[in-house]
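Numbering (my numbering), first residue to last: 478 to 722.
Using N, Cα and C, we set each Cβ at its ideal position, and we do this for glycine too.
Treat the numbers as computed from the prediction; the structure is a model and nothing was measured.
Have a look at this one:
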């Protein structure tokens, strides 16, 4: 009886389908059929194929060692050394990457570079912060005292002028001279307001002094005189003497 036929008959005896065996063993149906039909050339390398056979024999409740040994004899002959070679190559291939001194050297070099770069960046930003903070402090210092322009303004006396505001309460004829030059002459009506300003003085002559209220350099002077009274007055800039008749 063919070797693969034994597997198929045992599977059918147990009532297993190839799909069931595939699900239980995780062996592809394609390989199961190759085993049952003695198509060994369709199988993967010897070490994997032997594992398939062992799993298949186990689920079929057959002697695993006997089935595997017979499979190897039929498929590969008595080449047990082949398994050792495959196993040795697999182990040696897996063990090579365990430790390589050059990897440790590279890791140390990388670590040193990271530490150096970190210290460099810390020093750089610290210096930048100090350099930029200096001008900021010096710019704020003048705010605590007077600027030179402020000192000049405070030390230089402000030159004031003679500024006269006239508020007309009653009809009145007036003559106004600013810095000894006639600025206005005529009759003002009640309710009118006029302002005259001179660097030296403002001279006013009124035909009805009681009809005018005077404000001189923001100071209320009141009525210029009595109603119907003709009166004149000079309002000098600060520092000049006031002339009044």
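Secondary structure at residue 637: coil, using DSSP grouped into helix, strand and coil. Short of 8 Å from the beta carbon of residue 667, and not among the five residues preceding or following it, lie these beta carbons of its own chain, in chain order: 645, 646, 647, 648 and 688.
Listed in chain order, the non-local C-beta contacts of residue 536 below 8 Å within the same chain comprise 493, 498, 501 and 502, local neighbours out to five positions each way being set aside. Collapsing the DSSP output to three states places residue 658 in a strand. Only residues of its own chain outside the window of five on either side were considered, and among them 481, 484 and 485 have a CB closer than 6 Å to the CB of residue 513, listed in chain order. Exclusion of the five residues before and after residue 553 leaves 523 as the residues of its chain whose Cβ lies within less than 6 Å of its Cβ. Listed in chain order, the non-local C-beta contacts of residue 530 below 8 Å within the same chain comprise 512, 544, 545 and 548, local neighbours out to five positions each way being set aside.
Residue 670 carries a strand assignment under DSSP once its states are collapsed to helix, strand and coil. Residue 675 has its alpha-carbon roughly 18 Å from the corresponding atom of residue 683. By the Cβ-count criterion, residue 701 is buried, with 16 or more other Cβ atoms from all chains shown falling within 10 Å of its own Cβ.
Remark: C-beta atoms of residue 655 and residue 672 do not approach each other more closely than 7 Å. By DSSP's assignment, residue 679 forms a beta bridge with 655 and 712. Looking at the backbone, the Cα of residue 650 and that of residue 711 are separated by about 16 Å. Excluding its 5 nearest sequence neighbours in each direction, residue 677 has C-beta neighbours in its own chain below 6 Å: 656 and 714, listed in chain order. Shown here, residue 699 sits in a strand according to DSSP, grouped into three states.
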